[in-house]
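K.L.:
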Amino acid sequence: MIARLFAALGAIAGPCLALLVAVPAAAQPQPAPIPCERACMEQMAGQFLDALAARDSSRLPLAEDARYTENGQAMGFDNGMWQTASKVGAYRHVFADPESGQFGVFSTMDENGHGLTLGARVKLHLGQISEVELVTYRTGAGPAWNDAGYAYLEKLKTPKALWMDEPKPAQRLTRQELVAAANNYFSAIENNDGKGYYPFTEDCDRLENGMLTTNNPGIVKMGGVDIGGMGCKAQFSTGLYGVVTEVHDRRFPIVDVERQAVMGFAVFDHCGCKRELTTPDGQKVAVSMFNKPSSILLAEAFKLKGGQIQQVEAVGTSVPYHSDPGWSR
60 MIARLFAALG AIAGPCLALL VAVPAAAQPQ PAPIPCERAC MEQMAGQFLD
110 ALAARDSSRL PLAEDARYTE NGQAMGFDNG MWQTASKVGA YRHVFADPES
160 GQFGVFSTMD ENGHGLTLGA RVKLHLGQIS EVELVTYRTG AGPAWNDAGY
210 AYLEKLKTPK ALWMDEPKPA QRLTRQELVA AANNYFSAIE NNDGKGYYPF
260 TEDCDRLENG MLTTNNPGIV KMGGVDIGGM GCKAQFSTGL YGVVTEVHDR
310 RFPIVDVERQ AVMGFAVFDH CGCKRELTTP DGQKVAVSMF NKPSSILLAE
360 AFKLKGGQIQ QVEAVGTSVP YHSDPGWSR
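Here the sequence shown stands for residues 60 to 388, where the numbers follow my numbering.
#1: May I ask which residues mark the beginning and end of the alpha helix (DSSP H) holding L177?
#2: Between the alpha carbons of N251 and L232, how many angstroms are there, rounded?
#3: With a threshold of 16 other CB atoms inside 10 Å of the CB of Q142, please say whether the residue is buried or exposed.
#4: Ordered along the chain, which non-local residues of its own chain (more than five positions away) have a Cβ less than 7 Å from that of D285?
#5: Distance, Cα to Cα, R218 vs R151?
#6: Which value, in whole angstroms, describes the spacing of the CA atoms of G385 and V147?
#7: Can you check which of these residues, L363, S189, A110, H173, is closest to A122 by C-alpha distance?
#8: With C-beta atoms as the reference, is T297 less than 9 Å away from P339?
#9: If you count every other CB in all the chains shown that lies within 10 Å of the CB of D115, and 16 or more means buried, which is it?
#10: Taking the beta carbon of G375 as the centre, do at least 16 other beta carbons fall within 10 Å, making it buried, or is it exposed?
#11: Rank D109, A373, M100 by C-alpha distance to the C-alpha of Y244 and give the top, closest one.
#12: If we count Cβ pairs, one from each stretch, closer than 8 Å, do we get three or more for the segment 342 to 360 versus the segment 324 to 333?
#13: What is the DSSP secondary structure of K227, counted as helix, strand or coil?
#14: Which residue's Cα is closest to the Cα of A200: V191, Q187, G174?
#15: What is the DSSP secondary structure of F295, reduced to helix, strand or coil?
#16: If V346 and L336 are in contact, beta carbons under 8 Å, what's the gap, nearest whole angstrom?
#17: Got a sec, what are the start and stop residues for the beta strand (DSSP E) C330 sits in?
#18: Quick check on K182: buried or exposed, where buried means 16 or more other Cβ atoms within 10 Å of its Cβ?
#19: For the candidate residues I355, G186, E129, R180, whose alpha-carbon lies nearest to that of I313?
#20: Going along the chain, which residues of its own chain have a beta-carbon closer than 8 Å to the beta-carbon of E170, five neighbours each way excluded?
#21: N274: which of G282, G290, T260 sits nearest, CA to CA?
#22: S353 by DSSP, collapsed to three states: which one?
#23: With a threshold of 6 Å on Cβ separation, who are the neighbours of F311 within its own chain once the five nearest residues in sequence on each side are excluded?
#24: Using DSSP with H/G/I as helix, E/B as strand and the rest coil, what is Y209?
#25: Please report the distance separating the alpha-carbon of E317 from that of V302.
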């Protein structure tokens, strides 16, 4: 993710000249670093992934007090995946937010011969990395359909082209409106009853840990209901997402206004106390697979079109029930 230090590792050309240059003590105060815009952030995302795969955080211009969490756990830049990552995968999807100085990336990665998907957030301050937040899903950590996502993304290599669409300024939602739309998605999932307002486009799709979980018959079933074969709006209208009893520690740190996209983070709690749900048409559906308290930590991105959610992409991993992701307080 990161442009290398100018003095230590050589000059960085073009848009990535975002690092401070030393000046004599007697000189005037140093100018602020040149802002890191989209092209810079996209290049830095690649540098971050390369450093992770090389298990070498010294390749990055880390601030002295830089913070790092992996699946909600605080640790040093010499721990976790910094000891196990092996190779950057083929898939990459970058979200740039120059206004907040942050970018996000979804990617595939090889870890000691095993595939994983990851979602990362990186924050820049004065040309250095001050925060890195990583969420990973490792193959074998969930159902078979989840495990198939790594191979699917490796073949896909790039996100759908519509993620890159940039509407004219007059047609864009504001930063605040984009965040509100993403937050409404989480609110619609929490204790979902199928009776709310669900603003999805007709062509809406969702990727979860690399696998298509909408309009994909047979991929995911709940109590015999082929929910994975439905579109986004139809899924929410079943009320079956009521197994999610709380969506907490919601944050939306990355807002890509140009592309009308938001990357958020949250924890989905399942209390384990709901054994059966009732759809709006009165059908009783057993959800015994959620029979114990559990939680999922998510990095989730949304593409908006005309005020409606058009695409969703997420990487999520199981965490202890009602976990604190480490960034909300």
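Glycine included, each C-beta is placed from N, C-alpha and C at the ideal position. As the structure is a prediction and not an experimental result, all values here were calculated from the model.
P.N.:
Short version:
#1: From DSSP, L177 is part of no alpha helix (DSSP H) but of the beta strand (DSSP E) over 173 to 184.
#2: One Cα belongs to N251, the other to L232, and the distance between them is close to 26 Å.
#3: Taking all protein chains in view, the Cβ of Q142 is surrounded by fewer than 16 other Cβ atoms within 10 Å, so the residue is classified as exposed.
#4: These residues qualify, in order along the chain: P276, G277.
#5: Note that residue 218 corresponds to Pro in the displayed sequence, not to Arg. Whole-angstrom Cα-Cα distance: 7 Å.
#6: Cα to Cα, the separation comes out at about 26 Å.
#7: When only C-alpha atoms are compared, the closest one is S189.
#8: Yes, the pair counts as a contact, with Cβ atoms nearer than the cut-off.
#9: Around the beta carbon of D115, fewer than 16 other beta carbons lie within 10 angstroms, which makes this residue exposed.
#10: Buried, by the Cβ-count rule.
#11: Of D109, A373, M100, the smallest CA-CA separation from Y244 is found for A373.
#12: The segment 342 to 360 vs the segment 324 to 333: in contact.
#13: Under the three-state reduction of DSSP output, K227 falls in the coil class, being neither helix nor strand.
#14: Ranking the options by Cα distance to A200, first place goes to G174.
#15: Three-state result, F295: helix.
#16: 6 Å between Cβ atoms; contact.
#17: In this chain, C330 is not harboured by any beta strand (DSSP E), its DSSP state being neither H nor E.
#18: By the 10 Å Cβ count, K182 comes out buried.
#19: Checking every option, the nearest Cα to that of I313 belongs to R180.
#20: In chain order, M140, T143, A144, S145, R197 place their CB closer than 8 Å to the CB of E170, counting only its own chain and leaving out the 5 sequence neighbours on each side.
#21: For N274, the nearest C-alpha among the options comes from G290.
#22: Strand.
#23: Within the same chain, F311 has close Cβ partners V238, A241, V321, G323.
#24: Y209 falls in the helix class under three-state DSSP.
#25: Whole-angstrom Cα-Cα distance: 35 Å.
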